[in-house]
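What follows is one structure encoded as structure tokens, with my remarks underneath.
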Amino acid sequence: MTPQYILQKSLCRPPSCGSSHLKNEEELKAYNLRVAQCEIDGLGYAKEYAEPGYTDPAKGILFANWNYFPRGVADILENYGYEIEWSDEWDFCSDCNKAFRTSGNSYSWQPSYADLDGSRICIECLQQDPTEYLESLEDNPRRALNIDGIDPADYGYTMLEGEYENGWHPGQNDDPKAIYKNLRAEGFKKPLLFQIDSVGQFDISFVVWQRDATDDSAEYIEPAEQPSPLTSSSASIPQHWMRLHPHMRMDPQFWIKVNDLVVLNSIDPKDDEAIKRIIEQVEGKRLY
Ligand SMILES: [Zn+2]
160 MTPQYILQKS LCRPPSCGSS HLKNEEELKA YNLRVAQCEI DGLGYAKEYA
210 EPGYTDPAKG ILFANWNYFP RGVADILENY GYEIEWSDEW DFCSDCNKAF
260 RTSGNSYSWQ PSYADLDGSR ICIECLQQDP TEYLESLEDN PRRALNIDGI
310 DPADYGYTML EGEYENGWHP GQNDDPKAIY KNLRAEGFKK PLLFQIDSVG
360 QFDISFVVWQ RDATDDSAEY IEPAEQPSPL TSSSASIPQH WMRLHPHMRM
410 DPQFWIKVND LVVLNSIDPK DDEAIKRIIE QVEGKRLY
């Protein structure tokens, strides 16, 4: 019996938490059924996880928006040997198709994938040869290695400085850009790599590595003035934004994305209504 068959059969019962945007009951029922059908047609599947801490189920992992299916269907699928996950929180490796989280499930979560040349690559594939990935992060204080399980020391890097802190607590104001500039001014000419080595509820700590390149004539590269869209630090994220989120979301990666959009769209950080719209945009759904 395929999971699609089980899900199809489940549609005779109402969804656990379908949409409620239509007043007409028949129209709403039809709408929820259409969405559920789309979810069945596009049901995500991965044989295995590439996310640390997860155990591979016997038959694989299914990804969908489970709100459109009746209560209990997840239990049935799990009894058949599948694990279920929410499709908007996961993605798949372009190389091996294993699944990894793209949104955090704890304060200390760090991604187990990287975007490389337009493809998302899981940590297991990256670990086979992370050289190209590490070099793509070099000499940019707005980007950092944030994948547990890749130790720059194994790939020809030496740690220069540590431990820096950046966050919302007093004193946690180490600025990667200033650190980068200072190191260059002090005569460190080899490629530099920032690594975020721990993430807390309101802060991160990071270290700096130098690649022991044989060619030590690497030029000083002035960091770009404009923040890159996905890699700003959390230093400038106002604390009051979190209170604007109806669920008080505390995933630093989430707020970094919000901050990037605020910067890109030149929004006043004190404009609560505009910030709420950005929060919704990043969440990908209506919240208010
Ligand atoms: Zn992979």
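The opening residue of the sequence shown carries number 160 in the working numbering; numbering runs sequentially from there. Think of the CB as a built atom: it goes at the ideal place given N, C-alpha and C, for glycine as much as any other residue.
Compute the minimum distance between the beta carbon of residue i and the heavy atoms of ligand 1, and state whether it is under 6 Å.
i	result
C197	no
E283	yes
C255	yes
C171	no
C176	no
Exposed or buried, which one is residue i when buried takes at least 16 other CB atoms within 10 Å?
i	result
A258	buried
C171	exposed
S271	buried
R193	exposed
M160	exposed
P405	exposed
C281	buried
S179	exposed
L181	exposed
K444	exposed
N183	exposed
Q360	exposed
G201	exposed
E244	buried
K416	buried
C252	buried
Y447	exposed
A337	exposed
Please look up how many angstroms separate the CB atoms of residue i and residue j, rounded, as I've assumed it's under 8 Å.
i	j	result
G308	I363	Not a contact, Cβ separation roughly 17 Å.
T290	Y314	6 Å
G219	Y204	6 Å
L403	I434	6 Å
P211	E242	Incorrect: roughly 15 Å between the Cβ atoms, too far for contact.
T261	D274	10 Å between Cβ atoms; not a contact.
D298	L351	6 Å
With DSSP as the reference, identify every bridge partner of residue i, one or two as the case may be.
i	result
C281	Y272
A344	Answer is none; A344 lacks a bridge partner.
N332	N325
W245	A223
I363	N325 and V358
L420	DSSP output for L420 lists no bridge partner at all.
D250	F259
A205	I220
R230	Answer is none; R230 lacks a bridge partner.
L166	Answer by DSSP bridge pairing: none, since L166 is not bridged.
W368	M318 and L352
L304	Q354
Using a beta-carbon distance below 7 Å, is residue i in contact with chain D?
i	result
I243	No chain D is part of this structure, which consists of one protein chain only.
Starting from the C-beta of residue i, find all residues in its chain whose C-beta is less than 7 Å away, skip the five residues before and the five after it, and write them out in chain order.
i	result
F228	L166, S169, P174, S175 and A195
I199	Q163, L166 and Q167
A383	Reliability fails at A383, whose pLDDT of 49 lies under 50, so the model's placement of it is uncertain and the value that follows must be treated cautiously. Here the set comprises nothing.
Residues in the same chain with beta-carbon distance under 6 Å from residue i, minus the five sequence neighbours each way, listed in chain order, please.
i	result
G267	One point to set straight first is that residue 267 is Ser, not Gly, in the sequence displayed. Only V358 meet the Cβ criterion.
K206	G219
Spatial neighbours of residue i within its chain, please: C-beta separation below 8 Å, excluding the five flanking residues on both sides.
i	result
Q385	The predicted position of Q385 is uncertain, since its pLDDT is 44 and thus under 50; no value can be drawn from it.
D356	G321, E322, S364, F365 and V366
F347	L319 and Q369
D254	S278, I280, C281 and C284
N256	A205 and K206
Does at least one heavy atom of ligand 2 sit under 6 Å from the Cβ of residue i?
i	result
P311	In terms of ligand content, the structure shown lacks ligand 2 and carries ligand 1 instead.
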